[in-house]
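K.L.:
Read in the numbering used here, the sequence shown has 184 at position 184, and its numbers run on one by one without any break. Even glycine gets a Cβ: it sits at the ideal position worked out from N, Cα and C. Values in this document were obtained by computation on a predicted structure and should not be read as measured data. Got a structure here, written out as structure tokens. Questions coming.
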Amino acid sequence: MRHRTLSMLFVGLVFGVFNFAQAATITVTTNADSGAGSLREAITIAEGNGEVDEIIFDADYTIALSSVLPTISTEITITGNGWNNTIIDGGNPAQGTSGVRAFYISTGNLTLDDVMIQNCYAWGGSAVYNESGTLSVISSSLETNASNSAVYGGAIYSESSNPIDLELSRFEDNLNLQGGPADVTAIGNTSTPGQHLGITDTSFFNGSGDSSILVHWKEDLVVESSTFYGASEKALDILGCTGTISNSTLSENQTAIEYDSYNVNWGPVNITGVTILDSDSYGIRIFGSSTQVALSHTIIADSGIANCVVSGGTLTSVGNNLDSANTCSFASAGDLINTNPLLGPLQDNGGPTFTHQPLLSSPAIDAGLADSGLAVDQRGISRPQDGDGNTVALCDIGAVESGTLIFADGFESGDVLGWDAVVPSGPQRPSALRPRLAPAATSRSRNLF
Ligand SMILES: [Ca+2]
Ligand SMILES: [Ca+2]
Ligand SMILES: [Ca+2]
Numbered sequence: 001m002r003h004r005t006l007s008m009l010f011v012g013l014v015f016g017v018f019n020f021a022q023a024a025t026i027t028v029t030t031n032a033d034s035g036a037g038s039l040r041e042a043i044t045i046a047e048g049n050g051e052v053d054e055i056i057f058d059a060d061y062t063i064a065l066s067s068v069l070p071t072i073s074t075e076i077t078i079t080g081n082g083w084n085n086t087i088i089d090g091g092n093p094a095q096g097t098s099g100v101r102a103f104y105i106s107t108g109n110l111t112l113d114d115v116m117i118q119n120c121y122a123w124g125g126s127a128v129y130n131e132s133g134t135l136s137v138i139s140s141s142l143e144t145n146a147s148n149s150a151v152y153g154g155a156i157y158s159e160s161s162n163p164i165d166l167e168l169s170r171f172e173d174n175l176n177l178q179g180g181p182a183d184v185t186a187i188g189n190t191s192t193p194g195q196h197l198g199i200t201d202t203s204f205f206n207g208s209g210d211s212s213i214l215v216h217w218k219e220d221l222v223v224e225s226s227t228f229y230g231a232s233e234k235a236l237d238i239l240g241c242t243g244t245i246s247n248s249t250l251s252e253n254q255t256a257i258e259y260d261s262y263n264v265n266w267g268p269v270n271i272t273g274v275t276i277l278d279s280d281s282y283g284i285r286i287f288g289s290s291t292q293v294a295l296s297h298t299i300i301a302d303s304g305i306a307n308c309v310v311s312g313g314t315l316t317s318v319g320n321n322l323d324s325a326n327t328c329s330f331a332s333a334g335d336l337i338n339t340n341p342l343l344g345p346l347q348d349n350g351g352p353t354f355t356h357q358p359l360l361s362s363p364a365i366d367a368g369l370a371d372s373g374l375a376v377d378q379r380g381i382s383r384p385q386d387g388d389g390n391t392v393a394l395c396d397i398g399a400v401e402s403g404t405l406i407f408a409d410g411f412e413s414g415d416v417l418g419w420d421a422v423v424p425s426g427p428q429r430p431s432a433l434r435p436r437l438a439p440a441a442t443s444r445s446r447n448l449f
């Protein structure tokens, strides 16, 4: 339970008996931008008390910022009351060039939990700029933020290999006015091993810019159980890193995944149990002489130009992949080519993110191995399940594992999602999908002069 009492810090200061062995809880008691009880004051107190702090809110507030909040250089968790209830607003709802950045991390560790950060503006990192600390975003939404740099964009910008973890969160309608990254830019370096960008149970909707996510010289990209929809250009733009992408859905992006190794052998980016559907241009496009991508149990279907393009490097099928055409050179055991995956629409099929559920007659059902290396699907449903009613449980290809088919005559749909007992109790779910911005209406045409 969260404590909503007077802050321990306040009591400690008044009575001079503050126990520095304990973490402090500081309560925001007003929506005012500054002054007593404000979030701004709470951060100032937290920065100066030598404690690990949690900042909480005694009620639901929308806080309109007039300037960036105090720089974070210590360890602070800001725990709101849910992204619809604790809103930090940067003052730029029209996504022009007014408004402010919300957070700047110098060397500290910031956790944002159950908050909304919206309408912020900066050249890069409009919601959060991480110079040399760590950032965790949990159960939070970053919406309608605008950045204004072709290189250092993103609602979140992190430089110098600083670790970022995004979990159970939502990025929606963020925009880069200069056509750079819209949602997250993570720039690493080769001398800081082990740092990473982790993305789990998180949704990215309608990122407008050169990419939704740009990860550049990061050693460790981990994407799992996440959904990317409606990126005006690339959903995932990977420039020189290793990584894994699993149990995730990339739907109706201009291009789903682009990877350029810059001719450096980083080892493979492993893609397992992923559904890539309806890309306007390309599903997966790779460049660079040493680029390696290894695919397993993955659907790539219905791209406007080509499902796969290899302009350098190697795209390797480990097996049990599905190509709706035949541009991915899938020829390993269990691969399906020129095969329609027969998927339902992108929607809430249980779990914290939207997915494409295979239709009853989908060839993706039970077309994988008994052990794909994934114990659950994107929603948290266990793998494998016997989806075709032949008593043999095999993994499905793609991000969703269809439920056990009990009646092979089709009386029962094979879809266990209506059974409450097997639907994970997820956090707040993404809002209904909004109409996607047409490419012509993206950042390229929205620069302000
Ligand atoms: Ca502190
Ligand atoms: Ca199955
Ligand atoms: Ca079966």
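Quick one: residues in its chain with C-beta nearer than 7 Å to the C-beta of residue 4, no 5 flanking neighbours on either side, listed in chain order?
P.N.:
Low confidence applies to residue 4: its pLDDT is 36, below 50, so where it sits in the model is not reliable enough to give any reading.
K.L.:
May I have the straight-line CA-CA distance separating residue 380 from residue 36, to the nearest angstrom?
P.N.:
44 Å
K.L.:
With DSSP as the reference, identify every bridge partner of residue 310, one or two as the case may be.
P.N.:
Within the DSSP bridge table, the entry for residue 310 names 286 as partners.
K.L.:
Residue 385 bridges to which residues according to DSSP?
P.N.:
394
K.L.:
Which partner residues of residue 28 appear in the DSSP bridge assignment?
P.N.:
57
K.L.:
Using a Cβ-Cβ cut-off of 6 Å (strictly less than) and excluding sequence neighbours within five positions of residue 142, which residues of its own chain qualify?
P.N.:
Within the same chain, and ignoring the five residues on either side of residue 142 in sequence, the residues whose Cβ sits closer than 6 Å to its Cβ are 117, 127, 155 and 171.
K.L.:
Helix, strand or coil, according to DSSP, for residue 411 in the structure here?
P.N.:
For residue 411, the predicted model reports a pLDDT of 48, less than 50, meaning its position is unreliable and no value from the coordinates is stated.
K.L.:
Could you tell me which of 134, 236, 327 and 341 sits nearest to residue 158, measuring between CA atoms?
P.N.:
134
K.L.:
What is the DSSP secondary structure of residue 65, counted as helix, strand or coil?
P.N.:
coil
K.L.:
For residue 216, which residues of its own chain have a beta-carbon under 6 Å away from its beta-carbon, when the five flanking residues on both sides are left out?
P.N.:
187 and 239
K.L.:
Residue 270 bridges to which residues according to DSSP?
P.N.:
Its beta-bridge partners are 244 and 294.
K.L.:
Can you have a look at residue 458 and say buried or exposed, based on whether 16 or more other CB atoms are within 10 angstroms of its CB?
P.N.:
Outside the displayed span of the chain (1 to 449) sits residue 458, for which this structure offers no information.
K.L.:
What does a CB cutoff of less than 7 Å around residue 151 pick up in its chain, not counting 5 residues either side in sequence?
P.N.:
For residue 151, the CB contacts under 7 Å within the same chain, skipping 5 residues up- and downstream, are 180 in chain order.
K.L.:
With a CB to CB cut of under 6 Å and the five nearest residues on each side skipped, what residues in its chain are close to residue 281?
P.N.:
254, 255, 304 and 305
K.L.:
To which residues of the same chain is residue 243 closer than 6 Å at the C-beta, ignoring the five residues directly before and after it?
P.N.:
221 and 269
K.L.:
Under the three-state reduction of DSSP, which class applies to residue 156: helix, strand or coil?
P.N.:
In this structure, residue 156 counts as strand in the three-state DSSP scheme.
K.L.:
From which residue to which residue does the alpha helix (DSSP H) around residue 45 run?
P.N.:
39-48 is the extent of the alpha helix (DSSP H) around residue 45.
K.L.:
Any idea if residue 50 is buried or exposed, counting beta-carbon neighbours within 10 angstroms, 16 or more meaning buried?
P.N.:
exposed
K.L.:
Assess contact between the region 364-379 and the region 255-266, defined as three or more Cβ pairs (one per stretch) separated by less than 8 Å. Is contact present?
P.N.:
no
K.L.:
For residue 123 and residue 97, what's the separation of their Cα atoms in angstroms?
P.N.:
Going from the Cα of residue 123 to the Cα of residue 97 covers about 9 Å.
K.L.:
Kindly indicate which three-state DSSP category residue 354 falls into: helix, strand or coil?
P.N.:
coil
K.L.:
Do residue 307 and residue 324 have their C-beta atoms within less than 9 Å of each other?
P.N.:
Taking 9 Å as the Cβ cut-off, residue 307 and residue 324 qualify as a contacting pair.
K.L.:
Any chance you could list the beta strand (DSSP E) runs of at least 3 consecutive residues sitting entirely within the region 79-103, in chain order?
P.N.:
86-89
K.L.:
Out of 60, 48 and 44, which has the shortest C-alpha to C-alpha gap to residue 31?
P.N.:
Taking only the C-alpha atoms, the option nearest residue 31 is 60.
K.L.:
Return the bridge partner residues of residue 255 from the DSSP annotation.
P.N.:
DSSP, once it has assigned bridges, lists 234 and 282 as partnering residue 255.
K.L.:
Run through DSSP, which three-state label would residue 72 get?
P.N.:
The answer is strand: DSSP assigns residue 72 an E or B state.
K.L.:
In the DSSP assignment, find the unbroken beta strand (DSSP E) run with residue 185 in it and report its ends.
P.N.:
Taken as a continuous stretch (DSSP letters only), the beta strand (DSSP E) holding residue 185 covers 181-187.
K.L.:
How should residue 353 be labelled, buried or exposed, when 16 other C-beta atoms within 10 angstroms of its C-beta is the threshold for buried?
P.N.:
buried
K.L.:
If you measure from each residue's Cβ to the nearest non-hydrogen atom of ligand 3, which ones come out under 5 Å, in chain order?
P.N.:
Those satisfying the condition are, in chain order, 366, 386, 388, 390 and 392.
K.L.:
Just checking my contact of residue 341 with residue 369 at CB under 8 Å: how many whole Å lie between their CB atoms?
P.N.:
In fact, because the Cβ distance is near 17 Å, the residues do not count as touching under 8 Å.
K.L.:
Does residue 414 pass the burial test, meaning 16 or more other C-beta atoms within 10 Å, or should it be called exposed?
P.N.:
Bear in mind that a pLDDT of 48 at residue 414, under 50, signals an unreliable position, so the number given afterwards is only what the model happens to contain. The residue in question, residue 414, is buried, as its Cβ has 16 or more Cβ neighbours within 10 Å.
K.L.:
Helix, strand or coil: how does DSSP classify residue 305 here?
P.N.:
coil
K.L.:
Count the other CB atoms within 10 Å of the CB of residue 289; is the residue buried (16 or more) or exposed (fewer)?
P.N.:
So residue 289 ends up on the exposed side.
K.L.:
Quick one: what does DSSP say residue 118 is sitting in, helix, strand or coil?
P.N.:
Residue 118: strand per DSSP, three-state reduction.
K.L.:
Check whether the Cβ of residue 394 sits closer than 8 Å to any heavy atom of ligand 2, and report yes or no.
P.N.:
yes
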